[in-house]
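Residue numbers (this note's numbering): 1489 to 1706. A virtual CB, placed ideally from N, CA and C, is assigned to each residue, including glycine. This structure is a prediction, so every number in the text was calculated from the model and none was measured.
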Amino acid sequence: MRRQVVAAGVVLCTGSAFAQTRLVIASYPDRNTAGLGDVVTWSVVAELLDPDPTKTILATVSGVGFDIGHQGDSGIQVFNNSFQPAFDNQFTGPADDGVVVGSSIVGAEGENRLPPLNNNGGPDRSNPLLVYTYQILITEDTPRTLFGELTINGQFTGAYSGSPFPEILWYQNSDGSPGDTPYGYPPLLHMPFLTIVPAPMSASLLVLAGAGAARRRR
């Protein structure tokens, strides 16, 4: 199976594709800096840009599978990973939230199901759409920058409303090849990077350091 990696700062659709409907999807931290012992919540968010004004969005994302990596960082712990409730289904059961392997999440798969097999409340039509959340605990304060690198696996779809059936937006085909609607990862909601900063020295340590420097100058 071919997989498409959505990396920070990389736009996967080019040229005239920007004049058509396209999707951006990314994993965003809830803050820009963190230190040792901090817990940071990340959200996978998808937004359909330039939707066809003659059509109604039924689901920004209807089906998606992905892995999430953090550059193999050994100084974090990943936990509380889960799809949003719309991706759990009363017919097929809960979404597969994936498995935490080191600093990565592997094999997450969910479907914001379309009629006629959708949940009683219908698909979540939000745009932007919150797809998934997880948290990381900072266990090492070595200065560095992290981002949530998404690898989209297999079939990736959304939908406009249609009659008698929805009009499917194919972002990626099941074999990993590009679909008819481009997607990518341009800057969107806020800076998607997390900067790890060391804990500042306490005031008493700063005073001692200053006193030591003064003695050395004498």
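Boundaries of the beta strand (DSSP E) in which residue i is found, first to last residue
| i | result |
| --- | --- |
| Phe1579 | That residue, Phe1579, is in no beta strand (DSSP E); it is neither H nor E in DSSP. |
| Leu1537 | Val1527 to Leu1537 |
| Gly1636 | Premise fails: Gly1636 is in no beta strand (DSSP E) and is neither H nor E. |
| Tyr1673 | Per DSSP, Tyr1673 belongs to no beta strand (DSSP E) and is neither H nor E. |
| Ala1574 | It is not in any beta strand (DSSP E) - Ala1574 carries neither H nor E in the DSSP assignment. |
| Gln1660 | Glu1655 to Gln1660 |
Length of the line joining the Cα atoms of residue i and residue j
| i | j | result |
| --- | --- | --- |
| Leu1546 | Ile1513 | 17 Å |
| Pro1680 | Thr1529 | 12 Å |
| Gly1523 | Val1619 | 26 Å |
| Ile1593 | Asp1540 | 34 Å |
| Tyr1648 | Ala1687 | 48 Å |
| Val1589 | Ser1515 | 18 Å |
| Thr1542 | Gly1650 | 11 Å |
| Glu1637 | Asp1585 | 16 Å |
Identity of the residues DSSP links to residue i by a beta bridge
| i | result |
| --- | --- |
| Asn1568 | Looking at the DSSP assignment, Asn1568 forms no beta bridge with any residue, so it has no partner. |
| Val1587 | Val1594 |
| Glu1628 | Glu1628 is not bridged to any residue. |
Coil, strand or helix - residue i by DSSP
| i | result |
| --- | --- |
| Ala1687 | coil |
| Phe1554 | strand |
| Pro1666 | strand |
| Pro1517 | strand |
| Phe1644 | strand |
| Ser1562 | coil |
Cutoff 9 Å: residue i Cβ touching any chain C Cβ
| i | result |
| --- | --- |
| Asp1526 | Here chain C cannot be found, since the structure has a single protein chain. |
Contacts around residue i, its chain only, beta-carbon distance under 8 Å, and the 5 residues preceding and following it disregarded
| i | result |
| --- | --- |
| Val1685 | Thr1521, Ala1522, Gly1523, Asp1629 and Pro1631 |
Other residues of its chain near residue i: CB distance less than 7 Å, five sequence neighbours each side excluded
| i | result |
| --- | --- |
| Leu1536 | Thr1509, Leu1511, Ile1545, Thr1548, Asn1615 and Gly1646 |
| Leu1602 | Leu1546, Ala1547, Ser1550, Pro1611, Ala1647 and Pro1654 |
| Asp1576 | Pro1582 and Ala1583 |
| Val1566 | Val1588, Ser1591, Ile1593, Tyr1622 and Ile1624 |
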